[in-house]
Amino acid sequence: MKKTILLIGAFALSLTSFSQVLEQENFNNLVPGDVGTVFDASGAGQGGFFTLATNGDAASTTTNAGNSNFQIATVRNSTEQNFNLTGPDGDQGVRAMWRDGLDMSWTSRTVGNDVIELEYTFNTGPTTTSKNQIGMRIFADNPSTDPNAPATTSCVGYSYETSTGELFGIAYLNNGGTEGTFRIGLSATGLILSPNTDYTIGCSYNVATGEVLWKTDPNAGNATIGSAFWVTNQVPLEIDFLAFSTAANPNATPPVTANTSATTLTFKDYVSRAVATSNLLSNEDETLDEVSVKIFPNPATDILNVSSPTQQLTSLEIVDLNGRLIKSLEVNNTEVNANIEDLKPGLYILNISSNDTVITRKFVKE
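Numbering (mature numbering (1 follows the signal peptide of the UniProt record, and there is no 0)) for the sequence shown: -19 to -1, 1 to 347.
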């Protein structure tokens, strides 16, 4: 069961840090329609995304689980595309979408970049009575040795309550010796968002210290919570879009009635970075755009081509899945032809640098 804690911390200004993009998507290169062809997470769909939709147990009133819960949609009178996530239409069920590979990107991150950031833009949609909770989270490996503890945690993220318009922070915390996933109130009276409005929000988790931060306004500081609540060493595994509905709780004060209708939330884009110091919602331009960087062919046998139409590439690093540096190249061009003929067949991580920005891609050597 989710718990709610009032925001305890004050606000702290972020500092600029060396940035390494771990995962990013703006949905413009995907095909309008269903993201996947299955919704049991048995295979990846467009963009390498896995999709999972369930209706709940036999007593559930939810009936709408399907591929149509995960849609790529073209913005009217525009070439841009968005991702639409539809939540359950009853009192149970979950919707989740994610990519594999964040754990490998995290393992091969630049030494000292122990903070993982997540920023995304979404539209709140119209006012609704649907009681869904929808947002994005970073899931992590649970460091606890307690055999009853969950294997994975929601180390940081957000949840938007569609019926009330309130935005909550999400984090895995230690509340007086009891660890669990908590909903964090982002203001004393609740942070209520306006309907039919785009919001860009960010959150971060420091693996070394356990610090969690949330930021909903680029002109304000970070919201946080007291360090006594932090849990360290949650190793990032994946980033999920997540939606679930509200079940009835007659014992709550006031009593909670069950969800009876679905709602859809629109996501514009997201990016996750590894940094040394959290710098959420920075107005500084990134020097390297992951979407524009191409590597081909993939799989490759002898030559791996790397190109960026917008920025000079300065170095390439090839790392194995254990984080060992296999090969590095110093370059100064927008196009690089890397000789990989001497590599053993397998999956590798490619760190691509341009000035102070690093992005990570995966490739297969045949």
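C-beta atoms are modelled at their ideal positions from N, C-alpha and C, and glycine is treated no differently.
(request) State yes or no: is the C-beta of I284 within less than 9 Å of the C-beta of F344? (result) no
(request) To the nearest angstrom, report how far apart L92 and S259 are at their CA atoms. (result) Note that residue 92 corresponds to Val in the displayed sequence, not to Leu. Cα to Cα, V92 sits roughly 15 Å from S259.
(request) Using alpha carbons as the reference points, say which of T238, N240 and S89 lies closest to R342. (result) S89
(message) Using DSSP's beta-bridge definition, name the partner residues of F30.
(response) R80
(message) Looking at Q62: is its Cβ nearer than 9 Å to the Cβ of F8?
(response) yes
(request) Give the straight-line distance between the Cα atoms of A54 and P231, rounded to the nearest whole angstrom. (result) 38 Å
(message) Check for me: the beta strand (DSSP E) holding L194 runs from which residue to which?
(response) V193 to K196
(request) Might you give, ordered along the chain, the residues of its own chain that have their beta carbon closer than 7 Å to the beta carbon of A22, omitting 5 neighbours on each side? (result) F31, T32 and L33
(message) For the region 243 to 250 against the region 159 to 168, do three or more pairs of beta-carbon atoms, one drawn from each stretch, fall closer than 8 Å, so that the two count as touching?
(response) no
(message) Based on DSSP bridge pairs, tell me the residues matched to G183.
(response) E100 and K196
(request) Return the chain-ordered ranges of every beta strand (DSSP E) run that is complete within the region 89 to 175 and spans a minimum of 3 residues. (result) 96 to 104, 113 to 122, 133 to 142, 147 to 156 and 159 to 166
(message) Between the alpha carbons of N113 and M78, how many angstroms are there, rounded?
(response) 16 Å
(request) List the DSSP bridge partners of E6. (result) Y251
(request) Go ahead and pull the three-state DSSP assignment for N50. (result) helix
(message) By the three-class DSSP mapping on this structure, what secondary structure does S309 have?
(response) strand
(message) Do G327 and L306 have their beta-carbon atoms positioned less than 9 Å apart in this structure?
(response) no
(request) Would you grab the beta carbon distance between L3 and A255 for me? Rounded to a whole angstrom, and I think it's under 8 Å. (result) 6 Å
(request) Quick one: using the 10 Å Cβ neighbour count with 16 as the cut-off for buried, is V137 buried or exposed? (result) buried
(request) Buried or exposed for N336, please, with buried defined as at least 16 other CB atoms from any protein chain shown within 10 angstroms of its CB. (result) exposed
(message) Residues in the same chain with beta-carbon distance under 8 Å from L167, minus the five sequence neighbours each way, listed in chain order, please.
(response) L(-13), L148, F149, G150, W195, T197 and A204
(message) My output table needs one value for F222: the three-state DSSP class, helix, strand or coil.
(response) strand
(request) Starting from V317, trace the beta strand (DSSP E) both ways and give me its first and last residue. (result) E316 to N320
(message) Residues in the same chain with beta-carbon distance under 6 Å from P176, minus the five sequence neighbours each way, listed in chain order, please.
(response) T105, P107 and T108
(message) With a threshold of 6 Å on Cβ separation, who are the neighbours of V193 within its own chain once the five nearest residues in sequence on each side are excluded?
(response) V137, A152 and Y186
(request) Identify, in the order they occur along the chain, each residue of the same chain with its Cβ nearer than 8 Å to the Cβ of G171, setting aside the five sequence neighbours on each side. (result) T145 and E147
(request) Pull up the CB-CB distance for Q5 and D38, whole angstroms please, since I reckon it's below 8 Å. (result) Not a contact, Cβ separation roughly 36 Å.
(request) Please name the residue in F120, G158, E142 and N58 whose C-alpha comes closest to that of D127. (result) G158
(request) Quick one: using the 10 Å Cβ neighbour count with 16 as the cut-off for buried, is N129 buried or exposed? (result) exposed
(request) Confirm, please, whether the CB-CB distance from V19 to N48 is below 9 Å. (result) yes
(message) At the level of alpha carbons, what is the spacing between K249 and S41?
(response) 31 Å
(message) 9 Å is my cut-off, CB to CB: does S185 come that close to chain C?
(response) Absent from the structure: chain C. Only one protein chain is present.
(request) Quick one: using the 10 Å Cβ neighbour count with 16 as the cut-off for buried, is L(-7) buried or exposed? (result) Low confidence applies to L(-7): its pLDDT is 31, below 50, so where it sits in the model is not reliable, and the reading given next is rough at best. Counting Cβ neighbours within 10 Å, L(-7) comes out exposed, since fewer than 16 surround it.
(message) Alpha carbons only, please: which of P236, Y101 and G207 is nearest the one belonging to D179?
(response) Y101
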